[in-house]
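S.K.: Residue numbers for the sequence shown follow UniProt numbering, beginning at 1 and rising by one.
Ideal Cβ placement from N, Cα and C applies to all residues, glycine included.
Note that the structure is a prediction, hence the values are computed from the model and not measured.
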Amino acid sequence: MSSEPQQTSPGQTSQQRGFLGDLPFRVEVLLEPKGFIRLLEFVLAICMFATTAGYNSMFSFEMTCSSAKAATRSETVGYNFGYPFSFSDKIPTTCFDPVAIEESPSGAAKFFVVVGVFAMLYTIAAVVWYVVLEAKYIQFEIVSLVDFGATVVFTLLFFIASCAWAAGVSTVKFWTTLDNLTTENGILSGCTADNVTCKSEETPGYGGLNISILFGFLNAVVWGGNVWFVWKETPWFRARSEAQTGGDLTNKA
1 MSSEPQQTSP
11 GQTSQQRGFL
21 GDLPFRVEVL
31 LEPKGFIRLL
41 EFVLAICMFA
51 TTAGYNSMFS
61 FEMTCSSAKA
71 ATRSETVGYN
81 FGYPFSFSDK
91 IPTTCFDPVA
101 IEESPSGAAK
111 FFVVVGVFAM
121 LYTIAAVVWY
131 VVLEAKYIQF
141 EIVSLVDFGA
151 TVVFTLLFFI
161 ASCAWAAGVS
171 TVKFWTTLDN
181 LTTENGILSG
191 CTADNVTCKS
201 EETPGYGGLN
211 ISILFGFLNA
221 VVWGGNVWFV
231 WKETPWFRAR
241 SEAQTGGDLT
251 NKA
């Protein structure tokens with residue numbers, strides 16, 4: 001009993017067929033705008049949440065207490081902070097009880113990171129669909145509509161998350177700057193007492209946080225630009241194009 005030779009679709013090599021049998025691998029789609037931009041989105045999403053979730057820093061200051069009844073005490077006070085910026089630890093002090101930071105941007109930080117992680121996972125799924133499955137299941141037009149909708153939603157999420165995180169970074173900067181904490185109404189207002197002095201020693205670096213905000217808005221721009229290319233793959237766009245083409249032919253006739 002002889003078996004008929006398998007047919008290979010145009011442009012499909014035996015290497016492209018791979019171990020999944022009849023599923024054609026369309027690697028060339030990665031050179032098209034929608035595929036290439038998805039790869040770019042993958043990289044930007046990783047940069048976005050990595051610069052936020054991987055951030056750690058500290059600030060420190062020297063606190064000196066003088067008293068007529070006791071020897072002068074001096075100690076360096078350090079405070080470490082990082083993602084998710086909950087500021088749950090109190091600032092230890094030498095001259096009075098430990099104090100707690102009164103505001104936390106952890107909600108904005110977590111939302112920002114979650115959007116980036118889910119965007120990265122979605123780009124992986126989208127690329128797998130484009131390269132491995134799209135040609136095989138081209139008749140499922142609902143997938144292109146879902147892809148379009150997801151791209152629009154992620155564009156909005158990136159913009160909202162970036163705005164929220166920009167405000168969150170401002171909060172982080174405020175509560176980790178000694179001058180803001182030692183004002184008359186600050187949580188370290190005791191530093192303004194006559195017998196207490198607080199001198200800044202180490203200030204945090206905020207470069208990583210500033211870059212994370214830039215990556216967030218850059219993701220919003222790139223995903224927003226990709227909306228057009230994904231829209232062109234939907235049946236809505238094709239129906240509109242066919243209607244316009246038919247109208248042009250009628251007018252010429």
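1. Should phenylalanine 59 and threonine 176 be called a contact, given that it needs their Cβ atoms to be closer than 9 Å?
2. Report all residues from its chain with a CB closer than 8 Å to the CB of serine 162; omit the five preceding and five following residues, and keep chain order.
3. Mapping DSSP to helix, strand and coil, what is isoleucine 91?
4. Give the secondary structure of tyrosine 55 by DSSP, where H, G and I count as helix, E and B as strand, and everything else as coil.
5. State the Cα-Cα distance for the pair arginine 38 and tyrosine 137, rounded to the nearest angstrom.
6. Given glutamate 201, which residues of its chain have a CB within under 7 Å of its CB, disregarding the five upstream and five downstream residues?
7. Buried or exposed: where does glycine 35 fall if 16 or more other Cβ atoms within 10 Å of its Cβ makes it buried?
8. If I measure Cβ to Cβ from valine 230 and keep anything under 7 Å in the same chain, skipping five residues before and after, which residues do I get?
9. Does the pairing of the segment 39-52 with the segment 108-128 give three or more beta-carbon distances under 8 Å?
10. Return the bridge partner residues of arginine 73 from the DSSP annotation.
11. Taking just the CA atoms, how far does proline 105 sit from valine 172?
12. If you draw a straight line from the C-alpha of valine 227 to the C-alpha of proline 204, how long is it?
13. Within the same chain, show all residues whose beta-carbon is closer than 6 Å to that of glutamate 233, passing over the 5 residues directly before and after it, in chain order.
14. Give the C-beta separation of tyrosine 55 and leucine 209 to the nearest angstrom, bearing in mind that I take them to be a contact with Cβ-Cβ under 8 Å.
15. Excluding sequence positions up to five away, which residues of its chain have a Cβ less than 7 Å from the Cβ of proline 84?
16. Give me whichever residues DSSP pairs with tyrosine 79 in a beta bridge.
17. Please classify threonine 203: does DSSP put it in a helix, a strand, or coil?
18. With DSSP as the reference, identify every bridge partner of threonine 197, one or two as the case may be.
19. Roughly how many whole angstroms lie between the Cα atoms of serine 74 and threonine 64?
20. Measure how close the beta-carbons of threonine 123 and glutamate 41 come, nearest whole angstrom, since I'm counting them as under 8 Å.
21. From the DSSP output, which residues share a beta bridge with valine 169?
22. Select from Ala135, Glu141, Ser86, Ser170 the residue whose C-alpha is nearest the C-alpha of alanine 239.
23. When you compare only the Cα positions, how much space is there between threonine 197 and glycine 168?
24. Straight-line CA distance for alanine 126 to leucine 156?
25. Among residues of its own chain, excluding the 5 on either side of aspartate 89, which ones have a beta-carbon nearer than 6 Å to its beta-carbon?
M.R.: Taking the definition as stated:
1. The sequence position of residue 59 within the sequence shown is 59, counting from 1. The sequence position of residue 176 within the sequence shown is 176, counting from 1. Yes, Cβ-Cβ distance for phenylalanine 59 and threonine 176 is below 9 Å.
2. Counted from its first residue, the sequence shown places residue 162 at position 162. Around serine 162: Phe112, Ile213, Gly216, Phe217, Asn219, Ala220.
3. Counting from 1 along the sequence shown, the entry for residue 91 is found at position 91. Under the three-state reduction of DSSP output, isoleucine 91 falls in the strand class.
4. Reading the sequence shown from its first residue, position 55 is the one you call residue 55. If DSSP states are grouped into helix, strand and coil, tyrosine 55 belongs with coil.
5. Taking the first residue of the sequence shown as 1, we reach residue 38 at position 38. Taking the first residue of the sequence shown as 1, we reach residue 137 at position 137. Spanning the two alpha carbons is a distance of roughly 20 Å.
6. For the purposes of this step, residue 201 is identified with residue 201 of the sequence shown, where counting begins at 1. If you ignore the 5 residues before and after glutamate 201, its C-beta comes within less than 7 Å of the C-beta of Ser60, Phe61, Glu62, Thr76, all in its own chain and listed in chain order.
7. As a first step, residue 35 is located in the sequence shown; it is residue number 35 there, counting from the start. In this structure glycine 35 is buried. Its beta-carbon is surrounded by 16 or more other beta-carbon atoms within 10 angstroms.
8. Here residue 230 corresponds to residue number 230 of the sequence shown, with the count starting at 1. Taken in chain order, the residues that qualify are Lys34, Asp147, Phe148, Thr151.
9. Touching, yes.
10. On the sequence shown, position 73 is the one that residue 73 refers to. DSSP lists Cys65 as partners of arginine 73.
11. Numbered from 1 along the sequence shown, position 172 holds the residue referred to as residue 172. Numbered from 1 along the sequence shown, position 105 holds the residue referred to as residue 105. For valine 172 and proline 105, the distance between alpha carbons rounds to 7 Å.
12. Numbered from 1 along the sequence shown, position 227 holds the residue referred to as residue 227. Numbered from 1 along the sequence shown, position 204 holds the residue referred to as residue 204. Cα to Cα, the separation comes out at about 38 Å.
13. For the purposes of this step, residue 233 is identified with residue 233 of the sequence shown, where counting begins at 1. Within its own chain, the residues whose Cβ lies closer than 6 Å to the Cβ of glutamate 233, once the five positions on either side in sequence are excluded, are Ser144, listed in chain order.
14. By one-based count along the sequence shown, residue 55 stands at place 55. By one-based count along the sequence shown, residue 209 stands at place 209. Correct: roughly 6 Å between the Cβ atoms.
15. Position 84 of the sequence shown, counted from the first residue, corresponds to residue 84. Only residues of its own chain outside the window of five on either side were considered, and among them Ser106, Ala109, Lys110 have a CB closer than 7 Å to the CB of proline 84, listed in chain order.
16. Locating residue 79 in the sequence shown gives position 79, where the first residue counts as 1. Partner(s): Phe59.
17. Counting from 1 along the sequence shown, the entry for residue 203 is found at position 203. Threonine 203 carries a coil assignment under DSSP once its states are collapsed to helix, strand and coil.
18. Residue numbering aside, residue 197 sits at position 197 when the sequence shown is read from its first letter. The secondary-structure analysis by DSSP pairs threonine 197 across a beta bridge with Thr64.
19. Numbered from 1 along the sequence shown, position 74 holds the residue referred to as residue 74. Numbered from 1 along the sequence shown, position 64 holds the residue referred to as residue 64. Counting only the Cα atoms, threonine 64 lies some 4 Å from serine 74.
20. For the purposes of this step, residue 123 is identified with residue 123 of the sequence shown, where counting begins at 1. For the purposes of this step, residue 41 is identified with residue 41 of the sequence shown, where counting begins at 1. That belief holds up - the Cβ atoms of threonine 123 and glutamate 41 are roughly 5 Å apart, short of 8 Å.
21. Locating residue 169 in the sequence shown gives position 169, counting from the first residue. DSSP lists no partner for valine 169.
22. In the sequence shown, counting from the first residue as 1, residue 239 sits at position 239. Taking the Cα of alanine 239 as reference, the smallest distance to any Cα among Ala135, Glu141, Ser86, Ser170 is reached at Glu141.
23. Residue 197 sits at position 197 when you count from the first residue of the sequence shown. Residue 168 sits at position 168 when you count from the first residue of the sequence shown. When rounded, the distance between both Cα atoms is 30 Å.
24. If you number the sequence shown from 1, residue 126 lands on position 126. If you number the sequence shown from 1, residue 156 lands on position 156. Rounded to whole angstroms, alanine 126 to leucine 156 spans 18 Å at the Cα level.
25. Taking the first residue of the sequence shown as 1, we reach residue 89 at position 89. There are no such residues.
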